[in-house]
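J.: In full-length UniProt numbering, the protein residues as written are 1 to 248.
All C-beta atoms, glycine included, are put in the ideal place defined by N, C-alpha and C.
Note that this is a predicted model, so its numbers are computed, not measured.
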């Protein structure tokens, strides 16, 4: 058969023929650099999840942060937690796109490669402030898939070129450039990062704020998107990037 059946070429179709994962996302809650409580998993049958500051989880699709205790809790986390309020809602759309609604009375701050691209920023370069009652797309599965494939291919090619240079196969003796080393150094963790959203309640971080890293913010969540991680696994089967590679 020709390429007509190739899922990646079919703009309207699914990016993967695998069945949907059992959980479409899992949410970890952190205070500074400590995870607090268990990771909260959201089943694929439930396409909306609320993450709020309350204590009464009335329903399977609410992650109530107010109920979680932390013996190491700082005063700043204690204070910030009081302002999470109605928190945020995450909606799964289509095969794996994600939209965010800020229901809190305070802005939330999001790390999102999709919003980086929309804002014309370098990937991973920006922190996006989402205002109360805003409803905004924060993750695009197709873009993520494209980024994963592009970075994996770049890493694979760079590693092959580096190995060839080391083995003296390049007659013109191309020097191993910094770019080549950096590209060859792209690992699975870098690609996994493309499948993860991070969001801080109440407090910002990054270039415009005293806090340089989200791990310095008093209360934040990390959302792993399982369809995207499924696609990452598929890409890594066709283009393994960590560990020794054979040079064709």
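Count the CB pairs spanning the region 194-205 and the region 107-118 that are closer than 8 Å, and state whether there are at least three.
T.: Contact holds: three or more Cβ-Cβ distances are below 8 Å.
J.: Can you say whether residue 48 is buried or exposed, counting buried as having 16 or more other CB atoms within 10 angstroms of its CB?
T.: Within the chain shown, the letter at position 48 stands for residue 48. With fewer than 16 Cβ atoms within 10 Å of its Cβ, residue 48 is classed as exposed.
J.: Write down every uninterrupted run of the beta strand (DSSP E) in the region 131-209 whose length is 3 residues or greater and which is fully enclosed by it, in chain order.
T.: List check, beta strand (DSSP E) in window: 135-139, 196-201.
J.: By Cβ distance, which residues of its chain are closer than 7 Å to residue 220, with the 5 residues on each side in sequence left out?
T.: What you label residue 220 is simply residue 220 of the chain shown in a count that begins at 1. 30, 198, 199, 200, 201, 214.
J.: Starting from residue 31 and walking both ways along the beta strand (DSSP E), at which residues does that stretch end?
T.: Numbered from its first residue, the chain shown carries residue 31 at position 31. Unbroken beta strand (DSSP E) run through residue 31: 23-31.
J.: For residue 39, collect the residues of the same chain with a Cβ closer than 6 Å to its Cβ; drop the 5 residues on either side in sequence, then sort them by chain order.
T.: The residue you call residue 39 lines up with position 39 of the chain shown. Counting only Cβ-Cβ distances below 6 Å, and skipping sequence neighbours, we find 26, 28.
J.: Quick one: Cα of residue 241 to Cα of residue 161, how far?
T.: For this step, residue 241 is matched to residue 241 along the chain shown. For this step, residue 161 is matched to residue 161 along the chain shown. Cα to Cα, residue 241 sits roughly 13 Å from residue 161.
J.: Thinking just about the alpha-carbon of each residue, which of 147, 168, 89 is nearest to the one in residue 132?
T.: The residue labelled residue 132 in the question sits at position 132 within the chain shown. That would be 89, whose Cα lies nearest to the Cα of residue 132.
J.: Which residue wins for smallest C-alpha separation from residue 65, given the options 124, 193, 82?
T.: For the purposes of this step, residue 65 is taken as residue 65 along the chain shown, with counting starting at 1. Measuring from the Cα of residue 65, the nearest candidate turns out to be 82.
J.: Indicate the three-state DSSP secondary structure (helix, strand or coil) for residue 62 in the structure shown.
T.: Counting from one through the chain shown, the residue named residue 62 turns up at place 62. Three-state DSSP puts residue 62 in a strand.
J.: Around the Cβ of residue 35, are there at least 16 other Cβ atoms within 10 angstroms (buried) or fewer (exposed)?
T.: As a working mapping, residue 35 is identified with position 35 in the chain shown. Flag for residue 35 reads exposed.
J.: Rounded to a whole number of angstroms, what is the C-alpha to C-alpha distance between residue 233 and residue 145?
T.: In the chain shown, the residue the question calls residue 233 occupies position 233. In the chain shown, the residue the question calls residue 145 occupies position 145. Rounded to the nearest angstrom, the two C-alpha atoms are 11 Å apart.
J.: Would you identify the three-state DSSP class for residue 84, choosing helix, strand or coil?
T.: Taking the chain shown and counting its residues from 1, one reaches residue 84 at position 84. Coil at residue 84, not helix or strand.
J.: Rounded to whole angstroms, what's the CA-CA distance from residue 79 to residue 69? Just pull it up for me.
T.: Here residue 79 is taken as the residue at index 79 of the chain shown, counted from 1. Here residue 69 is taken as the residue at index 69 of the chain shown, counted from 1. Near 14 Å, if we compare the C-alpha coordinates of residue 69 and residue 79.
J.: Quick check on the burial criterion: 16 or more other C-beta atoms within 10 angstroms. Buried or exposed for residue 101?
T.: Mapped onto the chain shown, residue 101 falls at position 101. Buried is the call here.
J.: Have a look at residue 211 and residue 141 and give me their C-alpha separation to the nearest angstrom.
T.: Position 211 of the chain shown, counting from 1, holds the residue named residue 211. Position 141 of the chain shown, counting from 1, holds the residue named residue 141. Cα-Cα distance, rounded: 29 Å.
J.: To which residues does DSSP link residue 43 through a beta bridge?
T.: Sequence index remark: in the chain shown, residue 43 carries index 43 (1-based). Residue 43 is bridged to 23.
J.: Distance check for residue 230 and residue 192, CA to CA, integer angstroms please.
T.: Numbered from its first residue, the chain shown carries residue 192 at position 192. Numbered from its first residue, the chain shown carries residue 230 at position 230. Cα to Cα, residue 192 sits roughly 10 Å from residue 230.
J.: Roughly how many whole angstroms lie between the Cα atoms of residue 23 and residue 138?
T.: Residue 23 sits at position 23 when you count from the first residue of the chain shown. Residue 138 sits at position 138 when you count from the first residue of the chain shown. Those two C-alpha atoms are separated by around 19 Å.
J.: Going by C-alpha to C-alpha distance, which of 164, 96, 235 sits closest to residue 13?
T.: Taking the chain shown and counting its residues from 1, the one referred to as residue 13 is at position 13. For residue 13, the nearest C-alpha among the options comes from 96.
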